[in-house]
Ligand SMILES: Cc1cc2nc3c(=O)[nH]c(=O)nc-3n(C[C@H](O)[C@H](O)[C@H](O)COP(=O)(O)OP(=O)(O)OC[C@H]3O[C@@H](n4cnc5c(N)ncnc54)[C@H](O)[C@@H]3O)c2cc1C
Ligand SMILES: Cc1cc2nc3c(=O)[nH]c(=O)nc-3n(C[C@H](O)[C@H](O)[C@H](O)COP(=O)(O)OP(=O)(O)OC[C@H]3O[C@@H](n4cnc5c(N)ncnc54)[C@H](O)[C@@H]3O)c2cc1C
Ligand SMILES: Cc1cc2nc3c(=O)[nH]c(=O)nc-3n(C[C@H](O)[C@H](O)[C@H](O)COP(=O)(O)O)c2cc1C
Ligand SMILES: Cc1cc2nc3c(=O)[nH]c(=O)nc-3n(C[C@H](O)[C@H](O)[C@H](O)COP(=O)(O)O)c2cc1C
Ligand code: FES
Ligand code: FES
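Protein chains in written order, with the working numbering: chain Z, 287 to 607; chain C, 287 to 607; chain G, 114 to 377; chain U, 114 to 377.
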């Protein structure tokens, strides 16, 4: 584990020389603005083979539901131009296994956990949140994946319905009383209203964007390339879309935003920060560059040093329009 | 002009051997399903330096308004991962110059013209359509660019408001009595309703998608990369999004669809056809591969021959789900 | 498992679309076992299109030289890119991934059934089993003779084998699954490892339905992460009487009990 | 204007980020004139990222050999890609694009003012003007001596010139615009062509505001199509007393009357 050791000392070293990467999103304090996105990092265990994932600002877990979910039929993955489609179908082990097993493993590694949860209806959200109550001191926030379909309401995503957003956020807040992040979908036009509803409900921050609805066709077989026909687009291809969505929120100064969508480098991360995101999520990039989280933290740190900017907050929202 | 001559004979040759590329969208009949997208082909003159643009199913003109428009401040173009952003701002010479000058030039080349028009409000749409009445025998259809902002209504795009869509389509239909195509934006969740409104208004077909809202930031200057801050994303990056949008419409069998967004090859075109598009628009690809229209027609023709499919309509909508 | 860059020592063209690439990597040679794979970035440094890494089985390991190799077929953009790499270029890859095959608890007789590029990961199993002095038989089926050059590699292992081609241009004419069926008796007490196209695996599943050979299949599925976090690479496995569960090829596999796989 | 593929005859490194590429193309050599540019695909065949073509001025034309060249600075992804091409590789480009410079109606004295890579398109103007037996003076300004190798090309033209560098490492120390200002009188009846960074052009616009030299600027703007259809590459030009209009660099330019350009 010499590699991990050296990383640790490296971090303390630069932490001590006056360049600060710490950010705050409401009550959420992060050592640096680099967060692993839900569904792309499990609970951090696998990537700990490549670097010390405890250095990340936080790791957002795979989204957990009340019971385990098997997910969609394969193929679930399909590459597109500078991007990928996925239709995992929210496969997960269920919140109980997270609590019993994965949380423990992540804690041993010192990983700061944001727990992502979802439900098929507001009731399931409530139930999952109640289970999480026992471990609320062991996580730094709960993220609500509101991009999943509301089964009781025609299958339209929760985040398309501001009322539902408010309801789910406020019930989670009242159950858990720890910071709650609302993760919104880019597939609806009323993003700003959904964000305001999340604020009303008591959310501490917003995560934007989830994947963009897309599809692809195999012209040999005339079959969709995904077993589920439709999937979610992520990766560099969506970065311009994500930046525009984040900007639409930060411009209105509704809540602090965790910006995500196509971040692969510190330069990409900086774009989101300049647009006003208080932190940046790294998703698909983890699949390709296994140590991308570490690379981006280093990159941002070097950037501050080179530009003699003593606090990352100096660049957040400094877009010149 | 030997190249053009040989093209012509090539076309008649393959046209005669029993493999048909002709498609119909309501009353619109096209020799082949390959259409140049609005704003990416001017009126066909420039690209006639590279191939005989009269072989295209149709050429959709730049969108024309009543008066000339100067457009947005530069920079107007920015490259992104497998895509580009533009904020041209609908710069155009105005409908009168089109009628007096560009139409004439296109006619001389034998180009089949779809006239794209727009207005800042329904009234301007009506006025532009009235001007076009004089030349309605010289064009095969009018396309309404409904993705532009409705200035009288808070700047939200017309295609986000089904009522406005119906109103504009029906007034154009009543003025012109030639086929009308409604071009819809991918940036709103109610695409299906907008499409149904277009149908009610009397549209013959739908063009989907226009560009996706996006932005990019220059991390050297902290300025947006586009003078207009926000722009429209096009190119291979958006193809999965475009296919999903087209599918959402063809699944409902509302109106024939001209599918577009990231088509660069005959394989891409075939994906759209399989998903149910009756024709395919080529936009950004024209900027990179100047003869892409010809290449795609050839590619589709060879595909039919190789697979011994005698009619392109055999593949349209044959997605196996 | 590590993210690595290794020097390419050779990238030999075996036939039109078939290549063998040798890579210098003490780490892989020390840590990898038969059945594992590597995940390769198939675009130039700094370029993100094509985006995803591509998985390739480890074809051979030469510990003495710290060199391992992969045998690959040019299929699309990614493999086209790596086929253009030259000796001296660096390969960006990660590994070793997936579970290795443990031959210790096995029968003393091993039958390997490979179809097409499916022979690639079986080769190292054959080699290791041979080194363990097991009785190894390799049955390999192909469309045509485009894998001919591979026979030289196989001969080096000094094991028994049969080659079948659909067009009869090399070895016996026929399908490898027919060959196995016809020679069923000779492979009575063999543990079996198979890798190849879906149809071949389905047929083998049928052949071995009621027999009690241990049959292990090495599966392929499209991958995003390759390390077990995305759940993108799942295959359907029987669970209980009528149920099923999705298992990850990258983390739970790539080897699975063939009898448990549900092909639908 | 044609879509072409031309064989690269050389891709010479002039200095760290500066290259000269020679391309075989009878078509360009026959049809291009000074001031025009080509639009180059800067990704491998079949690859669409980076997506857009990149415009480059035509640096030199050697009709005898059917060879033209471009002088380019490695800036980002596209130029990095072409800097890696080798002689024998094919370049995918289109041209000639934009309007050429017609020197016939000109004064007999030509002053060329280039800043940085802005010298590239001016070189061919200088050569053509020289061949027309005009009196040509080339004033070239740089940050440092990284364009030193280019002086050899310049010497071949047998014209008068001055080189200025900001760090004084080559030629005189100073800015080319100061040089022009200081030698104003010597260039009294000169027609002027300039190309270079925005700040240089702004300064020159100021210097020549009230003088009646004909001053032509070759402008750069980000392009999508390069052929005049997208209106992506516009610059702001004065129109009437207080108005303006947007003109396309690719189709209306790249040369414009400097006095009419609005830099805001
Ligand atoms: C565990 C494992 C081991 C493998 N070992 C080998 C080997 O030793 N030799 C070899 O030639 N091939 C092997 N393959 C298949 C190899 O990964 C594919 O041929 C390769 O990914 C094709 O990439 P491409 O860009 O050329 O094709 P494209 O078709 O352009 O790829 C598009 C996408 O589909 C995926 N894909 C395409 N075909 C396959 C496939 N058969 N399996 C999984 N994903 C696929 C690609 O990874 C990529 O994400 C293995 C696959 C797996 C899962
Ligand atoms: C008419 C014209 C002639 C030119 N002639 C030359 C020349 O002879 N030699 C030379 O070295 N350069 C020349 N340039 C600039 C050259 O086009 C850019 O340096 C090049 O496009 C940078 O590409 P990149 O991928 O390396 O940079 P990136 O910054 O990665 O490019 C990103 C995008 O921005 C555009 N872009 C970046 N810089 C410029 C620029 N300065 N002008 C226009 N678009 C830009 C690119 O085309 C691309 O679309 C010319 C530009 C124009 C408009
Ligand atoms: C394979 C995959 C699985 C994902 N699973 C989840 C999930 O369970 N919950 C969630 O909120 N977002 C999920 N996402 C969305 C990501 O967290 C992220 O919002 C999105 O991918 C955009 O970022 P990127 O472009 O960096 O990947 C998933 C994304 C991918 C690619
Ligand atoms: C530079 C540019 C200008 C465009 N101008 C128009 C326009 O005037 N009217 C319109 O309806 N669509 C316009 N579009 C949208 C295209 O017609 C097309 O819908 C979109 O680009 C998606 O297709 P693509 O990915 O093939 O480019 C424009 C697109 C680009 C890139
Ligand atoms: S590829 Fe991600 S879990 Fe297997
Ligand atoms: S680049 Fe398209 S008009 Fe100039």
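Heads up, the beta-carbon is just placed ideally off N, CA and C, and yes, glycines get one too.
Partner residues on chain G for residue i, Cβ-Cβ distance less than 7 Å
| i | result |
| --- | --- |
| residue 377 of chain Z | 344 and 359 |
| residue 367 of chain Z | 162 |
Contacts that residue i makes with chain G (C-beta to C-beta distance below 8 Å)
| i | result |
| --- | --- |
| residue 162 of chain U | 160, 161 and 162 |
| residue 326 of chain Z | 338, 342 and 343 |
| residue 572 of chain Z | 338 and 342 |
| residue 576 of chain Z | 116, 207 and 340 |
| residue 584 of chain Z | Within chain G, no residue comes near residue 584 of chain Z; the closest Cβ sits about 15 Å away, beyond 8 Å. |
| residue 374 of chain Z | 343, 344 and 345 |
Identity of the residues DSSP links to residue i by a beta bridge
| i | result |
| --- | --- |
| residue 184 of chain G | G:133 |
| residue 364 of chain C | C:371 |
| residue 310 of chain Z | Z:315 |
| residue 569 of chain C | For residue 569 of chain C, which the question treats as bridged, DSSP gives no partner whatsoever. |
| residue 431 of chain C | C:469 |
| residue 360 of chain G | G:348 |
| residue 167 of chain G | G:153 |
For residue i, the nearest candidate out of the options (CA to CA)
| i | options | result |
| --- | --- | --- |
| residue 348 of chain Z | Z:396, Z:358, Z:361 and Z:431 | Z:431 |
| residue 145 of chain G | G:154, G:128 and G:182 | G:182 |
| residue 407 of chain C | C:450, C:381 and C:382 | C:450 |
| residue 270 of chain G | G:261, G:238 and G:160 | G:238 |
| residue 525 of chain C | C:543, C:554, C:508 and C:506 | C:554 |
| residue 404 of chain Z | Z:398, Z:376 and Z:385 | Z:376 |
| residue 498 of chain Z | Z:492, Z:325 and Z:547 | Z:547 |
| residue 463 of chain C | C:489, C:439, C:452 and C:386 | C:489 |
| residue 246 of chain U | U:227, U:222, U:236 and U:226 | U:222 |
| residue 387 of chain Z | Z:335, Z:311, Z:528 and Z:329 | Z:329 |
For residue j and residue i, believed in contact at Cβ under 8 Å, the rounded distance
| i | j | result |
| --- | --- | --- |
| residue 428 of chain C | residue 466 of chain C | 5 Å |
| residue 567 of chain C | residue 341 of chain C | Not a contact, Cβ separation roughly 16 Å. |
| residue 368 of chain G | residue 331 of chain G | 5 Å |
| residue 534 of chain Z | residue 309 of chain Z | The pair is not a contact, with the Cβ atoms about 21 Å apart (cut-off 8 Å). |
Chain-ordered chain C contacts of residue i [CB-CB under 8 Å]
| i | result |
| --- | --- |
| residue 347 of chain U | 357, 360, 362 and 377 |
| residue 154 of chain U | 574 |
9 Å Cβ cut-off: residues of chain G touching residue i
| i | result |
| --- | --- |
| residue 336 of chain Z | 114, 115, 116, 207 and 340 |
Chain U residues whose Cβ lies nearer than 7 Å to that of residue i
| i | result |
| --- | --- |
| residue 402 of chain C | The contacting residues do not exist; residue 402 of chain C stays about 13 Å from chain U at best. |
Under 8 Å by beta carbon: chain Z residues contacting residue i
| i | result |
| --- | --- |
| residue 371 of chain C | 526 |
| residue 557 of chain C | 502, 503 and 505 |
| residue 473 of chain C | 475 |
| residue 435 of chain C | Ordered by position in chain Z, no residue passes the 8 Å Cβ test against residue 435 of chain C, which lies about 14 Å from the chain. |
Residue i: contacting residues in chain C (beta-carbon distance under 9 Å)
| i | result |
| --- | --- |
| residue 125 of chain U | Result: empty, since nearest Cβ-Cβ is about 27 Å, beyond 9 Å. |
| residue 334 of chain U | 360, 361, 362 and 363 |
Listed by chain order, chain C residues near residue i by CB distance under 7 Å
| i | result |
| --- | --- |
| residue 244 of chain U | Chain C residues near residue 244 of chain U: none, gap ~28 Å exceeds 7 Å. |
| residue 508 of chain Z | 560, 604, 605 and 606 |
| residue 530 of chain Z | 499, 500, 501 and 516 |
Amino acids of chain Z, ordered along the chain, whose beta-carbon sits closer than 7 Å to that of residue i
| i | result |
| --- | --- |
| residue 561 of chain C | 503 |
Under 9 Å by beta carbon: chain U residues contacting residue i
| i | result |
| --- | --- |
| residue 550 of chain C | 161 |
Chain-ordered chain U contacts of residue i [CB-CB under 8 Å]
| i | result |
| --- | --- |
| residue 429 of chain C | None at all; the shortest Cβ gap to chain U is about 17 Å. |
>> Give me the pocket residues for ligand 1, defined as CB within less than 5 Å of any heavy atom, sorted by chain position.
In response: Taking each Cβ in turn, the ones that pass are Z:365, G:150, G:165, G:167, G:168, G:169, G:170, G:185, G:186, G:188, G:189, G:190, G:191, G:192, G:230, G:233, G:333, G:335 and G:367.
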